[in-house]
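Student:
Protein chains: 2
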Amino acid sequence: MPVLVMKFGGTSVATLDRIARASKRVAREVANGYDVIVIVSAMSGKTNELVGWVEETSPLYDAREYDAVVSSGENVTAGLMALRLQEMDIPARSWQGWQVPVKTTGAHSAARIEDIPRDNITAKFAEGMKVAVVAGFQGVSPEGRITTLGRGGSDTTAVAFAAAFDAERCDIYTDVDGVYTTDPRIENKARKLDKIAFEEMLELASLGAKVLQTRSVELAMRYKVKLRVLSSFAEYDPEAGTLVCDEEEIVEQNAVAGVAYSRDEAKLTLVSVADRPGVAAAIFGPLAEAGVNVDMIVQDISEEGRTDMTFSCPVGQVTRAEKALTAAKEAGQINFHDLVADTNVSKVSIVGIGMRSQAGIAAKMFDVLAREGINIKVITTSEIKISVLIDRKYMELAVQALHDAFELEKAS
Amino acid sequence: MPVLVMKFGGTSVATLDRIARASKRVAREVANGYDVIVIVSAMSGKTNELVGWVEETSPLYDAREYDAVVSSGENVTAGLMALRLQEMDIPARSWQGWQVPVKTTGAHSAARIEDIPRDNITAKFAEGMKVAVVAGFQGVSPEGRITTLGRGGSDTTAVAFAAAFDAERCDIYTDVDGVYTTDPRIENKARKLDKIAFEEMLELASLGAKVLQTRSVELAMRYKVKLRVLSSFAEYDPEAGTLVCDEEEIVEQNAVAGVAYSRDEAKLTLVSVADRPGVAAAIFGPLAEAGVNVDMIVQDISEEGRTDMTFSCPVGQVTRAEKALTAAKEAGQINFHDLVADTNVSKVSIVGIGMRSQAGIAAKMFDVLAREGINIKVITTSEIKISVLIDRKYMELAVQALHDAFELEKAS
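In the order they appear, the protein sequences are chains S and C.
Those letters in the first sequence? Residues -19 to 392, by this note's numbering.
Those letters in the second sequence? Residues -19 to 392, by this note's numbering.
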């Protein structure tokens, strides 16, 4: 039998009614002839509650215990959905990560899946089980302790199972009906995409579009897993949602596929840093150790052996970054005159594989922003995306203007 | 290092504050020189919530999934307490049943512990871990699925660990400060016992005193585990609580140690049953299959080949019992004229190993009840207990009168 992987996020299993509703979708795919592997998240809110308890108990918690605690929510939904399916006369059972086993690295709270042996689940399919309901987000370390994959990790669980079981498709059921050209809450002309290339989705995911965990898109791209994002609340429609696929499968393509944003960014500038080899390492080493996620980096042109170094990171990490840099300065590892933080910036990005073959996209983006009077503070580019840091107050305006200028409301 | 087992029930770990408080008690025992194994229940209310979800999802649930779901509450408290202890600089880690592993039978929801290998936890103690926080109530079946031990099963987990690790003592922390001569809510002269014999505790537990799970007392008796019941809310006192121990360790002993009751009992009478060999089996076989917990059984003197058969069971099981008996009658397996249910009865029992050597205890009990005008409906006795079924409205009066008559408020 062909295998289908279906993943239901927290809002899709938030109540017993919703679990029942999701189970109906599973039943339909069983009727369609699939052996189904369902990956479930915890009921929405549960994981946050557990994380809150852990942080209150131990601010600098042992990640092994964090994982043991926060993984429990998925076990509950997995069991409940198996029960619901059994009530519908569908042979189903739940699987916790260690039972499959989902073998991961020992990097607790941010573990990576290393292997998912098919034996146990395949044997049960052979015995007549139609649905394996697997607790997402969790695995087991080489030491036999429970690991978790980081927030949103159930997406990654789903893609990893699809890859391991050569699934025909991996359907990610969520509270939106697909991937949009941009956030419809900001731009009401935002259009749902029928298809999007892996590379584009990867950029959008890492740029702040929260529809899929970045790691899951990476995995899907690597293992050529057909990934579909669709709503668990809409009526059944086999063509629904957005298919994330190889770019070859996308015939027509706008130069720009979407506009992404990340609201709460900060820009830090080290003023007058001694410009000599190794200085970047001296700066970004301590930041990495302090767990600061440095995103964009810009170095000014050097004058008289000194330069300004600017980087961006999430607003919530500014204090940590300042501490790390001040400590490094006091330890004599780096030398700068001043450290200036601007915590009122946002990042806006345009993404599209069409950029590769089409010139002038960057120029057009800068022109659009200039015409709206929006000052660009930092720019970074890759082959298929351009990101700018701007004042937060212009973020919505920038998203709308770019969506308009690149005519994203129109299918190509 | 000597090993101490400490068990904290649901009310003792109901909040983060209470977990912190329980952790302080653990820390004190570590300071006293013990390697400590802590057994935790779920935060109070959590297991009931999970059971409610399971029952709503699937009234005739698959017990394997029930176990997978309801065992999750203990995992949360185990992790949180390990974190709390780490915050107090005590090397601690959590263990889920399958990690130890706590090997049980495959009788889901009512599994029995078969083996607790010491290797894993002992190795960690040798590495410097001072506290193993184990999720109570759960284990793993020969098939690698999660099992649970039945409600109150964490007591059994605690005693089984104490036996497996030759613990010096097993301290059961709960919301009462020990075992009383009777329920203090009914008789305000009820006195806390300093010691009670295993046999007595076993009778009290099965007769409705909810302080310990019956199975845990059985295990403690079999493996000679010194069991102490004490309050997690009282101030620290090394002599606190009630010690459940061998009767040889109890020097002075009242004839009656305590008065137990079970409020919601029912009495069913099969009127005019054909009295021939095999009839009892024909009656109680179907009841057992229907899951009815038959307690007391009385058969009237036979007249003209027919007799009345009376038995008691919990009120909640009367409908099930009636259905099973009616079905058996319709199937021609048994024959009776009428089935009469009295759902307004309670059971009151006196328990004491002193009864073995002291005559007249039963006569005194019946006399006390007669003087209060309380009619006895059914009587059963064992070597160390006498139980009577009486009208529910007299239950409190019977408990008080018996407590008074046997002078249980006075230590012997």
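Glycine is no exception: its CB is placed at the ideal position from the N, C-alpha and C atoms.
(1) For the segment -7 to 24 of chain S, which segments carrying the alpha helix (DSSP H) assignment without a break, of at least 4 residues, lie completely within its bounds, in sequence order?
(2) List, in chain order, every chain C residue whose beta-carbon is nearer than 8 Å to that of Leu30/S.
(3) Taking one C-beta from the segment 291 to 310 of chain S and one from the segment 336 to 354 of chain S each time, how about it: are there three or more such pairs within less than 8 Å?
(4) What residues of chain C sit near Thr42/S, judged by a beta carbon separation below 7 Å?
(5) Under 8 Å between the Cβ atoms of Ser308/S and Ala262/S?
(6) Assuming Ala22/S and Arg64/S are in contact, meaning their beta carbons sit under 8 Å apart, how far apart are those beta carbons, in whole angstroms?
(7) Could you pull out every residue in the same chain whose Cβ sits closer than 6 Å to the Cβ of Tyr203/C, ignoring the five residues on either side in sequence?
(8) Within 8 Å, do at least three Cβ pairs link the segment 129 to 148 of chain C to the segment 205 to 216 of chain C?
(9) Kindly provide the ranges of any beta strand (DSSP E) runs that are 3 or more residues long and lie completely inside the segment 170 to 222 of chain C, ordered along the chain.
(10) Within 8 Å of any Cβ in chain C, is that where the Cβ of Ala350/S sits?
(11) Throw me the rounded Cβ distance for the Val224/C and Met276/C pair, which I believe falls under 8 Å.
(12) Quick one: which chain S residues come within Cβ less than 9 Å of Val82/C?
(13) Tell me which residue opens and which closes the alpha helix (DSSP H) that Trp33/S is part of.
(14) Of all the residues that make up the segment 106 to 140 of chain C, which are near chain S by a beta-carbon distance shorter than 7 Å?
(15) For Leu377/C, which of Lys4/C, Val239/C and Phe117/C has the nearest alpha-carbon?
(16) For Gln380/S, I'd like the list of residues in its chain whose CB is within less than 8 Å of its CB, leaving aside the five on either flank, ordered along the chain.
(17) Mind reading off the beta-carbon distance from Ser51/S to Thr(-9)/S? Whole number of angstroms is fine, and I expect it under 8 Å.
(18) Please report how far the alpha carbon of Asn28/C lies from the alpha carbon of Gly132/C, in whole angstroms.
(19) Given 8 Å as the limit, is there contact between the segment 8 to 18 of chain C and the segment 174 to 183 of chain C, that is, 3 or more CB pairs closer than that?
(20) Can you tell me the Cα-Cα spacing of Pro39/S and Ala7/C, whole angstroms?
(21) Around the Cβ of Pro266/S, are there at least 16 other Cβ atoms within 10 angstroms (buried) or fewer (exposed)?
(22) Is the CB of Leu319/S under 8 Å away from at least one CB in chain C?
(23) What do you get for Glu217/S, buried or exposed, if any count of 16 or more other CB atoms within 10 angstroms of its CB means buried?
(24) Taking the C-alpha atoms as reference points, what is the distance between Gly340/S and Asn355/S?
(25) Once DSSP output is grouped into helix, strand and coil, what is the label at Pro294/C?
(26) What does DSSP give as the partner residues of Arg149/S in its beta bridges?
(27) Compare the C-beta of Ser74/S with all C-beta atoms of chain C and state if any pair is closer than 8 Å.
(28) Taking only the alpha-carbon atoms, compute the straight-line gap between Gly230/S and Glu387/S and give it to the nearest angstrom.
(29) Is there a Cβ from chain S that is less than 8 Å from the Cβ of Thr37/C?
(30) Give the range of the beta strand (DSSP E) segment to which Thr127/S is assigned.
(31) By alpha-carbon positions, which one of Ser186/S, Glu269/S, Glu123/S and Met289/S ends up nearest to Ser367/S?
(32) Within this structure, are the beta carbons of Gly53/S and Asp157/S separated by less than 8 Å?
(33) Using a Cβ cut-off of 8 Å (strictly closer), state whether Val(-7)/S contacts chain C.
(34) Select from Leu182/S, Ala270/S and Lys4/S the residue whose C-alpha is nearest the C-alpha of Met68/S.
(35) Per DSSP, which residues does Leu319/S bridge with? Please list them.
(36) Kindly give me the distance between the Cβ atoms of Val20/S and Val(-7)/S, rounded to whole angstroms, as I take these residues to be in contact under 8 Å.
Tutor: Straight from the coordinates:
(1) -4 to 11
(2) Indexing the first sequence from 1 puts residue 30/S at position 50. Residues of chain C passing the Cβ test: Val56.
(3) no
(4) Position 62 of the first sequence, counting from 1, holds the residue named residue 42/S. The sequence as given places Asp at residue 42/S; Thr does not occur at that position. Simply Leu63 and Gln66.
(5) In the first sequence, residue 308/S corresponds to position 328, counting from 1. In the first sequence, residue 262/S corresponds to position 282, counting from 1. In the sequence as presented, Ser is not what sits at residue 308/S; that position holds Ala. In this structure, Ala262/S lies closer than 8 Å to Ala308/S by Cβ.
(6) Taking the first residue of the first sequence as 1, we reach residue 22/S at position 42. Taking the first residue of the first sequence as 1, we reach residue 64/S at position 84. Ala22/S to Arg64/S, Cβ: 16 Å. No contact.
(7) Stepping through the second sequence from its first residue, residue 203/C is reached at position 223. Cβ neighbours of Tyr203/C beyond the five flanking positions: Ala143.
(8) yes
(9) 175 to 177 and 207 to 211
(10) Along the first sequence, one-based indexing puts residue 350/S at 370. Closer than 8 Å: no.
(11) Stepping through the second sequence from its first residue, residue 224/C is reached at position 244. Stepping through the second sequence from its first residue, residue 276/C is reached at position 296. Incorrect: roughly 25 Å between the Cβ atoms, too far for contact.
(12) Within the second sequence, residue 82/C is the residue found at index 102, counting from 1. Those within 9 Å of Val82/C in chain S number zero; the least Cβ separation is about 14 Å.
(13) Sequence index remark: in the first sequence, residue 33/S carries index 53 (1-based). From DSSP, the alpha helix (DSSP H) with Trp33/S extends over Lys26 to Thr37.
(14) Gly124
(15) In the second sequence, counting from the first residue as 1, residue 377/C sits at position 397. Comparing Cα positions, the closest option is Val239/C.
(16) Sequence index remark: in the first sequence, residue 380/S carries index 400 (1-based). Here the set comprises Ile166 and Glu167.
(17) As a first step, residue 51/S must be located in the first sequence, where it is residue number 71. As a first step, residue -9/S must be located in the first sequence, where it is residue number 11. Contact flag wrong, Cβ pair sits at about 19 Å.
(18) Your numbering for residue 28/C matches position 48 in the second sequence. Your numbering for residue 132/C matches position 152 in the second sequence. Asn28/C and Gly132/C: Cα-Cα distance of roughly 12 Å.
(19) no
(20) By 1-based counting over the first sequence, the position of residue 39/S is 59. By 1-based counting over the second sequence, the position of residue 7/C is 27. Roughly 20 Å between the two C-alpha positions.
(21) Indexing the first sequence from 1 puts residue 266/S at position 286. Buried: at least 16 other Cβ atoms inside 10 Å.
(22) Here residue 319/S is taken as the residue at index 339 of the first sequence, counted from 1. So, not an interface residue.
(23) To locate residue 217/S, count along the first sequence from 1; it is residue 237. Here the sequence assigns Asp to residue 217/S, which means Glu is not the residue at that position. So Asp217/S ends up on the exposed side.
(24) Counted from its first residue, the first sequence places residue 340/S at position 360. Counted from its first residue, the first sequence places residue 355/S at position 375. When rounded, the distance between both Cα atoms is 19 Å.
(25) Sequence index remark: in the second sequence, residue 294/C carries index 314 (1-based). It is a strand residue.
(26) As a first step, residue 149/S must be located in the first sequence, where it is residue number 169. BP columns for Arg149/S point to Leu(-16)/S.
(27) Translated into the one-based positions of the first sequence, residue 74/S becomes position 94. At least one chain C Cβ lies under 8 Å of Ser74/S.
(28) To locate residue 230/S, count along the first sequence from 1; it is residue 250. To locate residue 387/S, count along the first sequence from 1; it is residue 407. Reading the sequence as shown, one finds Ile at residue 230/S and not Gly. Taking the straight line joining both Cα atoms gives about 18 Å.
(29) Mapped onto the second sequence, residue 37/C falls at position 57. Yes, because at least one Cβ of chain S sits closer than 8 Å to the Cβ of Thr37/C.
(30) Position 147 of the first sequence, counted from the first residue, corresponds to residue 127/S. Element bounds for Thr127/S: Ile126 to Thr128.
(31) Position 387 of the first sequence, counted from the first residue, corresponds to residue 367/S. The shortest C-alpha separation from Ser367/S is found at Ser186/S.
(32) Counting from one through the first sequence, the residue named residue 53/S turns up at place 73. Counting from one through the first sequence, the residue named residue 157/S turns up at place 177. No.
(33) For the purposes of this step, residue -7/S is identified with residue 13 of the first sequence, where counting begins at 1. No - not a single Cβ of chain C is within 8 Å of the one on Val(-7)/S.
(34) As a position in the first sequence, residue 68/S is number 88, starting the count at 1. Measuring from the Cα of Met68/S, the nearest candidate turns out to be Lys4/S.
(35) Start at 1 with the first residue of the first sequence, and residue 319/S comes out as number 339. Leu319/S pairs with Leu250/S.
(36) Along the first sequence, read from residue 1 onward, the residue named residue 20/S stands at position 40. Along the first sequence, read from residue 1 onward, the residue named residue -7/S stands at position 13. Sure, about 6 Å apart at Cβ, within 8 Å.
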